[in-house]
Each structure stands twice: as C-alpha cells, then as structure tokens.
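Undergrad: For the protein sequence lines, the chains are A, B and C, in the order given.
Per the working numbering, the very first residue in the first sequence carries number 40; after that it's consecutive.
Per the working numbering, the very first residue in the second sequence carries number 2; after that it's consecutive.
Per the working numbering, the very first residue in the third sequence carries number 37; after that it's consecutive.
Using N, Cα and C, we set each Cβ at its ideal position, and we do this for glycine too.
Treat the numbers as computed from the prediction; the structure is a model and nothing was measured.
Below is the structure I would like to discuss, written out as structure tokens.
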Amino acid sequence: MSKKVSQEKYEKTRSYRMKQWFDGTRDPFLNTVEMKPQKAFSEDKETLERRAEDRKELRERIYDTAGNTEVRVFRKFYRVASVLFCICLVVMLLAAVSGLPAFGNPGNPVNNEVAARYIENGLQETGAVNIVTGMILDYRAFDTLGESHVLFIATCTVLILLRLDKSKKGSHGIGYEAEEDRIYEPKNDVILQTVARILVPPIVIFGIYVILGGHLGPGGGFSGGAVIGAGLILYVNAFGFAKTERFFHEKTYKRLSFCALACYALAKSYSFYTGANHIESMIPLGTPGAILSSGLILILNICVGLVVAGTMYTFYVMFRKGAY
Amino acid sequence: MAFVQNFPFMSIILSLFSGPLCSILSGRKAKWVNAAVIVIIGGMSAAVLGFVLGTGQEYVYTMGHFPAPWGNEIRVGVLEAVMAVFFCVIMLLCMLGGIREREEEIEDTKQNLYYIMVNLLLSSLLALIYTNDLFTAYVFVEINTISACGLIMIRQNGRTLVAATRYMIMSLLGSGLLLLGICFLYDLTGHLLMSNIREQVALIHANGSYHIPLLVAVGLMSVGIAIKSALYPFHSWLPDAYGYSSLSSASILSSLVSKGYIFLLVKIFYRVIGFDIVRDSKVINVLFVFGIVGMIMGSVSAIKESNIRRMISYSSIAQIGYIYMGFGLGTTAGIVASIYHIVSHAATKALLFVAASGITEVSGDSTDFFDLTGAGYRNKLSGIAFTVGSLSMVGIPVFSGFISKLLFAQAGVGVENTAKMLPTLIALAISTVLNAVYFMKTVIRLYTPEKKAVLEKKQFKQVKMTEEPAKSFALICFIVLNLFLGLSSEPIIRLIENGLNMFA
Amino acid sequence: MNLGNLFNNYGEAVAMILFGIGFSNLLLQKNLIKKIIGLNIMDTAMYLFLALKGFIGGRKAPIVTDGVQSVEAYINPIPSGLVLTGIVVSVSVTALMLSLTIRLYRRYHTLDLDEISTRLRKEGL
Chain A
40 MSKKVSQEKY
50 EKTRSYRMKQ
60 WFDGTRDPFL
70 NTVEMKPQKA
80 FSEDKETLER
90 RAEDRKELRE
100 RIYDTAGNTE
110 VRVFRKFYRV
120 ASVLFCICLV
130 VMLLAAVSGL
140 PAFGNPGNPV
150 NNEVAARYIE
160 NGLQETGAVN
170 IVTGMILDYR
180 AFDTLGESHV
190 LFIATCTVLI
200 LLRLDKSKKG
210 SHGIGYEAEE
220 DRIYEPKNDV
230 ILQTVARILV
240 PPIVIFGIYV
250 ILGGHLGPGG
260 GFSGGAVIGA
270 GLILYVNAFG
280 FAKTERFFHE
290 KTYKRLSFCA
300 LACYALAKSY
310 SFYTGANHIE
320 SMIPLGTPGA
330 ILSSGLILIL
340 NICVGLVVAG
350 TMYTFYVMFR
360 KGAY
Chain B
2 MAFVQNFPFM
12 SIILSLFSGP
22 LCSILSGRKA
32 KWVNAAVIVI
42 IGGMSAAVLG
52 FVLGTGQEYV
62 YTMGHFPAPW
72 GNEIRVGVLE
82 AVMAVFFCVI
92 MLLCMLGGIR
102 EREEEIEDTK
112 QNLYYIMVNL
122 LLSSLLALIY
132 TNDLFTAYVF
142 VEINTISACG
152 LIMIRQNGRT
162 LVAATRYMIM
172 SLLGSGLLLL
182 GICFLYDLTG
192 HLLMSNIREQ
202 VALIHANGSY
212 HIPLLVAVGL
222 MSVGIAIKSA
232 LYPFHSWLPD
242 AYGYSSLSSA
252 SILSSLVSKG
262 YIFLLVKIFY
272 RVIGFDIVRD
282 SKVINVLFVF
292 GIVGMIMGSV
302 SAIKESNIRR
312 MISYSSIAQI
322 GYIYMGFGLG
332 TTAGIVASIY
342 HIVSHAATKA
352 LLFVAASGIT
362 EVSGDSTDFF
372 DLTGAGYRNK
382 LSGIAFTVGS
392 LSMVGIPVFS
402 GFISKLLFAQ
412 AGVGVENTAK
422 MLPTLIALAI
432 STVLNAVYFM
442 KTVIRLYTPE
452 KKAVLEKKQF
462 KQVKMTEEPA
472 KSFALICFIV
482 LNLFLGLSSE
492 PIIRLIENGL
502 NMFA
Chain C
37 MNLGNLFNNY
47 GEAVAMILFG
57 IGFSNLLLQK
67 NLIKKIIGLN
77 IMDTAMYLFL
87 ALKGFIGGRK
97 APIVTDGVQS
107 VEAYINPIPS
117 GLVLTGIVVS
127 VSVTALMLSL
137 TIRLYRRYHT
147 LDLDEISTRL
157 RKEGL
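Structure representation (structure tokens):
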C-alpha cells in the first residue's frame with residue numbers, strides 16, 4: 040500500500056526525478072553547475088591608448104623595416120649569422136660523434152672496472168636489488184644531495200617571484216586573486232569529480248609503492264614523488280582549494296621540506312663521516328629483497344619522495360593562485 | 002686521520018643544511034644564522050689551511066665508504082684552502098656592507114628567502130673549490146646559477162626581472178655546453194673522477210686515437226665556462242645584472258660568482274686534461290684573443306657610461322678579460338698571475354660597490370654621474386674608500402692592482418711564444434690608460450665642491466662614519482685588505498705557487 | 037670524419053641535431069615561451085645522448101633478477117644515474133624561467149623580450 044504524500048514532497052523524491060528524466064522535462068545542469076558570468080576584461084582607456092602608442096612607436100622607430108635600412112640589415116645579418124653559427128656547431132658536433140666509440144659495443148671505455156664493480160658487488164655492498172638506486176644513493180650519494188638542494192632552491196626562487204603576501208594591498212593583493220579563482224572555477228563538475236574520486240586513491244597508493252620499492256625494482260624517490268604530486272594536483276582541480284587547504288598549507292610545506300632535507304643531511308653526514316674516518320657503519324644491511332633492507336636507502340627515498348611531492352604541488356599552487 | 006681533516010666536508014654540509022634551516026626562521030633570525038655560518042666556515046677553513054701548510058702535502062677525503070673511482074671524493078690542498086678562507090672573508094664583508102639596503106629594498110616576508118640563497122651560494126662555491134669529481138661540479142654549478150639568479154631578482158622591479166631573464170638564458174646555454182663536454186669526456190675515458198680522467202686522457206693523447214672528440218670536448222667545456230663567467234662576446238647580461246640589483250647581491254656576484262667558475266676552469270685545465278695537452282690544442286689561443294679584446298672593449302664601454310654602478314660593472318668585464326689573458330699565455334707564471342688577480346679583483350670590486358652605495362646615499366639615491374659632485378665631502382669614509390679602490394684598479398703602487406699588473410707583465414715577457422708578448426704588453430698599457438680615464442674622472446668629480454645654489458635646491462644629507470657601523474666596518478676592512486695585498490704580496494704569491502704545484 | 041661510424045652511432049647523431057635545433061630556437065625566437073621550449077629541447081637532447089651511452093646490445097636493465105650478478109647480463113648503470121640527476125635539474129630550471137615569464141607578462145602584457153627592453157629604456161627606472 041503506498042501512502043499518498045503531498046505534491047511538494049513528491050517533487051523531492053527520486054521517482055519524480057526519474058519520471059522527469061524519462062519524459063525529458065528536466066534540465067540536468069540547472070542549479071548544479073554554477074558558473075557566474077565572467078567579468079569582461081577591461082583596462083582603462085589611458086593604458087590602452089598608451090600601449091597603442093608604444094606599439095606604433097616601436098614599429099616606426101625601431102622595427103621600421105621599410106624606412107630604416109640599418110635595422111633591416113642588422114636583423115637579417117643577425118638571423119643569418121645565428122643560423123650559420125648553429126649549423127657550424129651541429130657539423131662540429133657530428134664530426135665529434137663520428138669519432139666516438141661505437142654504439143652498444145661491450146668493449147667501450149665506458150664499460151670498465153667501475154661499472155663491473157657496481158654490477159658484481161652492488162647487491163652485497165649496498166643491499167639494494169636495483170643497482171641504479173644503490174649507485175645514486177650510496178656510491179655517489181653526494182651528487183644526489185646536491186640535486187635535492189637544486190630542487191629546493193628552485194622552489195625558493197618561485198616563491199620569491201610568485202608568492203603573494205598579505206602585506207601587499209592593491210590589485211595584486213591576496214584577496215583579489217582568490218576571489219577571481221572562485222569565479223572562474225566551476226563548482227561541481229560531475230565528470231571530473233567522479234573520475235577523481237575513483238582515480239586519486241590508486242594514484243597516491245601507486246606513488247607510495249614506487250617510493251617504497253625503489254631499492255627492489257624500478258622506481259625511487261623522484262619518480263614516486265612526482266606521481267604523488269600529480270595525484271594531489273588532480274584532487275585540487277576536482278574539488279577546489281578549500282578541501283586541500285585542510286591538510287596542505289604553507290606551514291605544512293615548510294616543515295615537511297625542512298624535516299626531510301635535515302634528515303637527509305644528517306643521514307648522509309653520518310655515512311660520509313664514518314666512511315672517511317674508516318669507522319664501521321652501524322647500519323645493518325638486511326636481506327636483499329625485503330622492504331626493510333639496504334640500510335639508509337629506504338629512509339632517503341622516503342625523504343626525497345616527500346620533498347618532490349610537496350614541490351610539485353607548490354609549483355602548481357604558485358602558478359595558479361599565488362597563495363596557499 | 003686528524004679531526005681537522007673533516008672540516009671541508011663539514012663546511013659544505015653545514016652551509017647546505019643552513020639553507021632549509023633559514024626557510025623556517027623569520028628574517029631577523031635568518032640574518033644571524035647566516036652570519037654565524039659564514040664565520041664558522043671561515044674559521045674551519047683557516048684551521049684546514051694551517052693543517053695543510055703544516056704537513057706540506059694535500060690529502061684526499063672519501064665521501065662515503067668507497068674509494069675513488071667508485072665513490073665521490075674531495076681533495077684539499079693549499080690553493081683550495083686559501084681560496085675558501087678568502088671567499089668566506091669577502092662574503093662576510095659584503096653581507097655586512099649591505100645590511101641597510103637589504104632592510105629597505107626587500108619585502109619583510111621574503112627576507113629569509115634571500116639568506117637561503119646566500120647560504121646555498123656559499124655551499125656551491127665551497128663544493129666547486131674542493132671537489133674532485135666532474136659531475137658533482139656540474140650539479141653545484143647549477144646550484145650556483147640558480148642562487149645567483151635569485152640574488153639578482155630579489156629586488157623585483159622591472160629592470161632586475163629583465164636582467165635576471167637574460168642572465169638565466171645565457172647561463173643555461175653555458176651549462177648546456179659544459180654538460181655536453183662532460184658527457185663527451187665520460188664517453189672517451191669512462192671515468193668521472195678528475196685524477197682518473199687525466200690518466201686516461203694522457204693515454205688517449207699518446208695513442209692519437211679519438212683526436213677530434215677530445216678537442217671538441219675541451220673546446221665545449223671552455224666555451225661553456227667562458228659564457229658563464231662573462232668573457233667578452235658573451236657579456237651582454239652583466240651590466241644590467243650588476244648595475245640594478247641590490248647592493249650585497251652586486252658585490253657578491255661580481256667578486257665571487259664569476260671567480261668560482263674560473264677556478265673550476267683552472268681545475269679542468271690542470272687536473273682533468275693536463276696543462277700540456279691544453280696548450281697543444283689551440284683553445285687557449287682563442288681565450289687569449291677574447292681576453293685582450295674584452296680588456297679594451299670593456300673599458301671603452303665604461304667610459305661612455307653615466308651611471309656609476311653600470312660603469313663599475315663594465316670595468317668588471319675588463320678585469321675578467323685580464324684573467325683570461327693570463328690563461329691564454331700558457332705558462333705557469335700566467336696562471337699564477339690570473340689567480341692572484343682573482344684574489345685582488347674580488348677584494349677591490351666589492352670595495353668599489355660598497356663605497357658607491359655610500360656615495361649615492363648622500364646624493365639623493367641617484368646613481369647619475371652629475372648628482373655625485375662633491376659627494377666625497379658629504380660622506381668622507383665612502384669617498385676615501387672609492388679613491389682607494391680606483392687607485393688600485395688603475396695600478397698605482399702600494400695597492401693590490403699594481404702587483405697583479407706587474408705579475409701579468411712579467412708573465413707576458415717570460416712567455417716562450419714571442420708572438421703573444423707584444424699584444425699582452427700593448428693591451429696592458431692601453432687598458433691602464435683607459436681605466437685611468439674613467440676612474441679618475443669619477444674621483445675628481447667626487448672631490449669637486451658643489452655649487453652652493455645647487456646644494457640649497459637639492460638638500461642632500463650628510464652621513465658620518467658612526468651612523469652606519471656595519472658599513473663603515475666593512476669599508477675599513479676592505480681598505481686594510483687592499484693595502485695588505487698590495488704591500489705584502491710575496492707570501493700570498495708563494496702560497497699560490499705552492500698550491501699550484503700540489504694541484505696537478 | 038668517419039661516415040660509417042656516424043651511421044652506426046645514429047642515436048648520438050640525432051641527439052646532436054636536436055641539440056642544434058634547441059640551441060637555434062633559444063637564439064632566434066622572439067617569444068619567451070618558445071625560448072623556454074628551445075631550452076627544454078636542448079636538455080632533452082643531452083639526456084638522450086647520455087642515456088645511449090650505457091646501452092649494450094642483448095643485455096637487460098640493471099636490476100638483479102634470479103641472483104645473476106655477472107657483468108655480461110646487464111647494461112651499464114652509470115649513465116642512467118646521471119640522467120636522473122639531470123632531469124631534476126632541468127625541471128627546476130624550467131619552473132624558474134616560467135615564473136619569470138609570468139611576472140614579466142603581468143607587468144608588461146607582452147612576451148617579446150626586445151619590446152620589454154625598449155619600453156624599459158623609455159620609462160627609466
């Protein structure tokens with residue numbers, strides 16, 4: 040027996056919506072995707088006029104190819120000289136390449152005792168099944184230390200250029216950018232949100248798997264961190280900044296990168312100090328093939344992965360909004 | 002193994018670690034951390050210098066549990082320790098001299114980012130000095146490039162952004178060529194450690210195999226480093242970058258950054274390829290020609306300038322031309338003269354920049370030439386400092402510039418290939434005259450009293466020595482350093498020769 | 037110039053041609069974004085060159101499988117490690133250049149470096 044309900048209650052039920060969809064009387068996008076109409080991009084007349092004048096002056100005085108023979112000759116000369124220079128460079132490099140050892144030859148100078156020791160003794164000396172990871176995080180760890188700091192300092196320069204701070208008022212203050220971002224961002228894009236709900240957890244788990252398995256198979260901190268960063272960017276695009284700012288804001292990134300880089304520096308100084316002073320290192324190497332093996336390599340991979348993930352997300356936020 | 006021997010590795014790690022440390026601190030605490038780090042590293046480098054002079058030979062320090070060529074290593078000798086101490090001293094004085102400008106020009110929330118850049122710049126300079134591995138040198142060259150770019154654009158007005166863009170484009174070209182040269186060399190020899198590469202290169206050269214690729218590799222590396230250190234045809238980024246950036250940035254950039262690359266070039270010539278092979282390939286002739294042209298064209302462009310900071314930047318181009326001319330001579334005396342000029346030029350150029358900022362401060366913050374009339378009377382210490390720097394640049398005896406010109410002339414006369422002697426001496430003479438023209442013109446203008454009517458209209462302020470203790474202290478230290486280098490240069494030259502013998 | 041060897045080393049030859057293309061882009065293009073793309077092409081060409089160094093015909097990737105640890109079973113692992121470092125450097129530098137471009141565009145509304153310098157010369161400091 041069905042209970043008879045009032046018309047308003049009926050209109051809220053699912054069966055009414057189904058009937059409407061079946062009849063084709065309901066607009067699925069009404070009231071669900073809110074996009075306010077864009078404010079027309081306008082500049083005041085003065086700037087427009089000044090810019091038109093500048094362009095005219097540039098064209099006439101500097102780029103004037105019709106009247107100004109000096110500029111025309113110089114431009115042609117510069118183009119011709121550059122092309123000739125590049126062609127000469129390529130020819131010289133090709134000449135050098137033709138003199139290099141043959142490709143894929145096992146007797147090359149490159150395949151010498153250095154590579155032989157990495158392959159033959161790498162597993163016993165570093166504990167890593169992946170020889171390349173063992174090489175960059177144990178044999179030649181100093182290079183990787185420098186490389187992590189390259190990433191860190193690039194982030195600092197991007198922060199200098201693009202971070203908007205609360206102290207600056209005016210048209211480039213923090214409020215204006217955030218407001219603009221909300222206006223142009225469609226609030227509930229069905230496709231993006233559904234796909235993100237399905238995909239983001241596997242992406243993040245895959246990234247964690249790549250980081251943790253860096254010494255057991257292909258992978259490592261850098262690739263895994265990039266994967267996690269991509270997952271975070273997809274999440275932000277689907278659900279907006281309000282959701283990500285619940286767990287990732289500026290203090291998070293600062294503390295995360297400081298802790299990870301400090302941990303890395305500490306671990307590596309212990310390793311270098313004991314190595315140079317010929318003291319035995321206390322870190323156990325474990326059984327190759329297990330996750331908890333290969334000494335410090337696992338910890339270093341995790342640190343590097345966290346830094347890279349945070350950096351990718353920070354680049355995206357800085358380029359888009361300028362503030363967390 | 003003595004504990005002192007750990008100090009080079011500790012200084013690199015300390016300066017690398019202080020970068021992320023400054024990222025979580027506020028601007029004021031970051032300033033103190035930065036100063037403390039530079040002082041500590043200076044002290045440690047002095048201890049290392051004492052140790053190496055005591056034992057009389059250099060040592061190798063393995064970074065990790067595996068010896069070369071399977072692991073990384075750093076090599077410490079007299080020359081490296083001298084350079085490290087010297088760079089720390091200059092960096093400390095530059096940072097002291099620019100305190101007031103930093104507080105005015107940089108936003109409060111971004112102050113700690115500036116100190117991160119300076120710390121990482123110091124770490125990359127130390128790593129370039131001590132490293133014995135070619136690929137590590139490339140990674141730290143990249144850190145050097147990016148932090149120098151950060152130093153230029155911290156001031157964030159239109160001109161510095163354009164200057165930073167031009168600087169990055171040219172510098173990345175240079176890095177690309179350097180990496181390509183390193184890849185070629187790795188392919189031919191199979192090693193990345195410098196000492197091992199040299200043995201293999203000697204074998205290859207004796208064999209005669211791989212003749213063209215070796216020549217191309219040497220050429221690519223030299224051109225890459227020449228682009229990055231602003232040798233003559235590749236200098237277009239320099240005047241904008243040094244002329245418009247903040248004061249401590251300009252002084253650190255002009256005195257330390259380009260010199261780090263030149264030191265790497267000396268290492269590549271001596272320790273990677275071997276100087277005889279470099280001399281046989283005609284690469285140094287090309288460097289010689291560009292050096293001489295740079296010496297003259299740099300000074301000519303400086304004469305035409307009316308902005309005092311751009312004028313000093315153009316004079317930098319001329320001085321880098323001197324250094325490359327010293328390389329091009331192809332003798333040990335030439336290299337010793339170049340390295341001494343690195344030391345002397347770093348001290349003098351930083352002095353000139355700091356003094357110039359003191360002068361413009363009392364001329365209404367204008368760098369234009371005509372506003373500087375009589376500034377020597379308004380800010381006495383900066384006037385005296387600028388005069389000392391100019392006299393040193395021109396080459397008046399008693400100051401350090403005279404000793405470096407003397408060394409260059411002696412090296413030029415002693416060269417075996419007499420075709421290089423005459424151009425060297427002529428270029429030295431012409432550039433001394435040109436230097437005198439624009440530096441003396443400025444000094445005379447500084448000490449010409451300004452007309453009373455103009456003074457009343459413009460209302461310039463006077464600054465006494467005690468009003469800015471940090472800058473006055475930095476200026477006095479610079480003057481003392483310059484006089485020390487000029488008057489008692491013998492021990493330093495002997496140290497450099499000693500170090501260069503150990504170097505190979 | 038040994039043409040036979042050049043055709044044998046065709047991978048490296050292609051890498052050098054790409055390097056030249058990237059280099060000429062960097063010099064000749066007026067648009068800043070196209071210059072940055074040229075820079076990326078140059079860097080990628082260099083990593084191609086370096087990655088080809090390690091290859092030996094008929095051998096597998098350097099991950100120890102089935103306990104086989106002889107030198108004849110794996111390719112050279114060193115160039116792969118160097119390329120890893122290089123890629124991170126390239127990403128960092130590209131991010132820096134792009135943020136510089138964004139700042140310049142916001143202020144001058146143009147991507148042409150010559151036009152910006154000319155306008156700077158007019159407006160003074």
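#1: Measuring CA to CA, which of B/Gly-413, B/Asn-197, B/Val-355 and B/Thr-433 is closest to B/Phe-479?
#2: Residue range of the alpha helix (DSSP H) that A/Glu-82 falls in?
#3: With distances taken between CB atoms, is the gap from B/Gly-413 to B/Gly-335 smaller than 9 Å?
#4: Where B/Asn-436 and A/Tyr-157 are concerned, what is the direct C-alpha to C-alpha distance, given to the nearest angstrom?
#5: Looking at C-alpha atoms only, which residue of B/Glu-108, B/Leu-484 and B/Ser-307 is the closest neighbour of B/Arg-446?
#6: Compute the Euclidean distance between the alpha carbons of B/Tyr-315 and B/Ile-253, then round it to the nearest angstrom.
#7: Just curious, the alpha helix (DSSP H) that B/Tyr-341 is in, first and last residue?
#8: Less than 6 Å between C-beta atoms, sequence neighbours within five positions excluded: which residues of the same chain meet that for A/Ser-210?
#9: Quick one: list the residues of chain B neighbouring A/Leu-198, beta-carbon separation under 7 Å, in chain order.
#10: Name the chain A residues whose beta carbon is nearer than 7 Å to that of C/Gln-105?
#11: Mind pulling the chain C residues with CB within less than 9 Å of A/Gly-256?
#12: How is B/Thr-63 classed by DSSP in three states: helix, strand or coil?
#13: With burial defined as no fewer than 16 other Cβ atoms inside 10 Å of the residue's Cβ, what is the status of B/His-192: buried or exposed?
#14: Quick one: grab the DSSP three-state call for A/Lys-208.
#15: Name the chain B residues whose beta carbon is nearer than 8 Å to that of C/Val-125?
#16: Checking contacts by CB at 9 Å: is C/Thr-121 closer than that to chain A?
#17: With 9 Å as the threshold, decide whether the Cβ of A/Phe-113 is near any Cβ in chain C.
#18: Going straight from the alpha carbon of A/Lys-208 to that of B/Thr-110, what length do you get?
#19: Can you tell which of C/Asp-148, C/Asn-44 and C/Leu-88 has its C-alpha closest to the C-alpha of C/Lys-70?
#20: Along the chain, where does the alpha helix (DSSP H) containing B/Arg-1 start, and where does it finish?
#21: Shorter than 9 Å from the beta carbon of C/Ile-92 to some beta carbon of chain A?
#22: Does DSSP put C/Asp-79 in a helix, in a strand, or in coil?
#23: Kindly indicate the opening and closing residues of the alpha helix (DSSP H) around B/Asn-145.
#24: Can you tell me where the alpha helix (DSSP H) holding B/Val-434 begins and where it ends?
#25: Closer than 9 Å, CB to CB, is C/Met-82 near chain A or not?
#26: Identify the contact partners of A/Ala-134 in chain B, using a Cβ-Cβ distance below 9 Å as the criterion.
#27: Roughly how many whole angstroms lie between the Cα atoms of A/Ser-121 and A/Cys-298?
#28: Relative to the C-alpha of C/Val-145, which candidate in A/Asp-93, A/Leu-184, A/Glu-186 and A/Cys-125 has its C-alpha closest?
#29: If A/Gly-258 sits next to A/Ile-250, beta carbons under 8 Å apart, how far is it from one beta carbon to the other, in whole angstroms?
#30: Less than 9 Å between the C-beta atoms of A/Gly-370 and A/Gly-143, yes or no?
#31: Who are the neighbours of B/Val-163 on chain C, taking C-beta pairs under 8 Å?
#32: As an exercise, report each continuous alpha helix (DSSP H) stretch of at least 4 residues that is fully enclosed by the region 205 to 252 of chain B, in chain order.
#33: Between B/Ala-82 and B/Val-49, how many whole angstroms is the CB-CB distance? I'm expecting something under 8 Å.
#34: Mind checking whether A/Gly-252 and A/Ile-330 have CB atoms under 9 Å apart?
#35: Please report the straight-line C-alpha distance between B/Lys-305 and B/Asp-241, rounded to a whole angstrom.
#36: Using only the alpha-carbon positions, how far apart do B/Gly-72 and B/Gly-65 sit?
TA: Quick answer:
#1: As a position in the second sequence, residue 479 of chain B is number 478, starting the count at 1. For the residues B/Gly-413, B/Asn-197, B/Val-355 and B/Thr-433, the minimum Cα distance to B/Phe-479 belongs to B/Val-355.
#2: The residue you call residue 82 of chain A lines up with position 43 of the first sequence. Looking at the DSSP string, A/Glu-82 is not in any alpha helix (DSSP H), and its letter there is neither H nor E.
#3: If you number the second sequence from 1, residue 413 of chain B lands on position 412. If you number the second sequence from 1, residue 335 of chain B lands on position 334. Their beta carbons are under 9 Å apart, which means B/Gly-413 touches B/Gly-335 by this criterion.
#4: For the purposes of this step, residue 436 of chain B is taken as the residue at position 435 of the second sequence. For the purposes of this step, residue 157 of chain A is taken as the residue at position 118 of the first sequence. Roughly 56 Å between the two C-alpha positions.
#5: Here residue 446 of chain B corresponds to residue number 445 of the second sequence, with the count starting at 1. It is B/Ser-307.
#6: Along the second sequence, read from residue 1 onward, the residue named residue 315 of chain B stands at position 314. Along the second sequence, read from residue 1 onward, the residue named residue 253 of chain B stands at position 252. Going by the C-alpha atoms only, they are around 16 Å apart.
#7: Your numbering for residue 341 of chain B matches position 340 in the second sequence. Unbroken alpha helix (DSSP H) run through B/Tyr-341: 333 to 362.
#8: Position 171 of the first sequence, counted from the start, is the residue given in the question as residue 210 of chain A. Because the pLDDT at A/Ser-210 is just 44, under 50, the model does not fix this residue reliably, and the value given afterwards should be weighed accordingly. Within the same chain, A/Ser-210 has no close Cβ partners at all.
#9: Working through the first sequence from its first residue, we reach residue 198 of chain A at position 159. Ordered by position in chain B, the residues that pass the 7 Å Cβ test against A/Leu-198 are Leu-114.
#10: Indexing the third sequence from 1 puts residue 105 of chain C at position 69. Within chain A, the residues near C/Gln-105 are Ile-158, Glu-159 and Leu-162.
#11: Counting from 1 along the first sequence, the entry for residue 256 of chain A is found at position 217. Within chain C, the residues near A/Gly-256 are Ile-99.
#12: One-based indexing of the second sequence puts residue 63 of chain B at position 62. Residue state, collapsed to three classes: strand.
#13: As a first step, residue 192 of chain B must be located in the second sequence, where it is residue number 191. Buried, because 16 or more other Cβ atoms sit within 10 Å of the Cβ of B/His-192.
#14: For this step, residue 208 of chain A is matched to residue 169 along the first sequence. Because A/Lys-208 carries a pLDDT of 49, less than 50, the predicted location of this residue cannot be relied on, and the following value inherits that uncertainty. In the structure shown, A/Lys-208 sits in coil (DSSP, three-state: anything other than H, G, I, E or B).
#15: By one-based count along the third sequence, residue 125 of chain C stands at place 89. The answer, in chain order, is Val-140 and Glu-143.
#16: Reading the third sequence from its first residue, position 85 is the one you call residue 121 of chain C. By this cut-off, C/Thr-121 is an interface position.
#17: Within the first sequence, residue 113 of chain A is the residue found at index 74, counting from 1. Chain C contact via Cβ: absent.
#18: The residue labelled residue 208 of chain A in the question sits at position 169 within the first sequence. The residue labelled residue 110 of chain B in the question sits at position 109 within the second sequence. With a pLDDT of only 49 at A/Lys-208, under 50, the local geometry of the prediction cannot be trusted, and the value read off the model is given with reservation. About 14 Å.
#19: In the third sequence, residue 70 of chain C corresponds to position 34, counting from 1. Closest option to C/Lys-70, Cα to Cα, is C/Asp-148.
#20: Given a span of 2 to 505 for chain B in the structure shown, any question on residue 1 of chain B remains unanswerable.
#21: If you number the third sequence from 1, residue 92 of chain C lands on position 56. Chain A, which has a Cβ nearer than 9 Å to the Cβ of C/Ile-92, makes this yes.
#22: Position 43 of the third sequence, counted from the start, is the residue given in the question as residue 79 of chain C. Helix at C/Asp-79.
#23: Working through the second sequence from its first residue, we reach residue 145 of chain B at position 144. First-last of the alpha helix (DSSP H) with B/Asn-145: 135 to 154.
#24: Numbered from 1 along the second sequence, position 433 holds the residue referred to as residue 434 of chain B. Looking at the DSSP string, the run of the alpha helix (DSSP H) that includes B/Val-434 is 422 to 447.
#25: Taking the third sequence and counting its residues from 1, the one referred to as residue 82 of chain C is at position 46. For C/Met-82, the answer is no, since every Cβ of chain A falls outside 9 Å of its Cβ.
#26: Here residue 134 of chain A is taken as the residue at index 95 of the first sequence, counted from 1. Within chain B, the residues near A/Ala-134 are Ile-213, Pro-214 and Val-217.
#27: In the first sequence, counting from the first residue as 1, residue 121 of chain A sits at position 82. In the first sequence, counting from the first residue as 1, residue 298 of chain A sits at position 259. Each residue's Cα considered, the two are about 48 Å apart.
#28: As a first step, residue 145 of chain C must be located in the third sequence, where it is residue number 109. Rather than Val, the amino acid found at residue 145 of chain C in this sequence is His. For C/His-145, the nearest C-alpha among the options comes from A/Asp-93.
#29: In the first sequence, the residue the question calls residue 258 of chain A occupies position 219. In the first sequence, the residue the question calls residue 250 of chain A occupies position 211. About 7 Å separates the two Cβ atoms, so the contact holds.
#30: This structure leaves residue 370 of chain A out entirely; chain A is present only between 40 and 363.
#31: Within the second sequence, residue 163 of chain B is the residue found at index 162, counting from 1. In chain order: Leu-140, Leu-149, Ile-152, Ser-153 and Leu-156.
#32: 212 to 229 and 239 to 245
#33: Position 81 of the second sequence, counted from the first residue, corresponds to residue 82 of chain B. Position 48 of the second sequence, counted from the first residue, corresponds to residue 49 of chain B. With a Cβ gap of about 5 Å, B/Ala-82 and B/Val-49 count as contacting.
#34: The residue given as residue 252 of chain A occupies position 213 in the first sequence. The residue given as residue 330 of chain A occupies position 291 in the first sequence. Cβ distance < 9 Å, so A/Gly-252 and A/Ile-330 count as in contact.
#35: Sequence index remark: in the second sequence, residue 305 of chain B carries index 304 (1-based). Sequence index remark: in the second sequence, residue 241 of chain B carries index 240 (1-based). Answer to the nearest angstrom: the Cα atoms are 15 Å apart.
#36: Taking the second sequence and counting its residues from 1, the one referred to as residue 72 of chain B is at position 71. Taking the second sequence and counting its residues from 1, the one referred to as residue 65 of chain B is at position 64. Approximately 7 Å between the Cα atoms of the pair.
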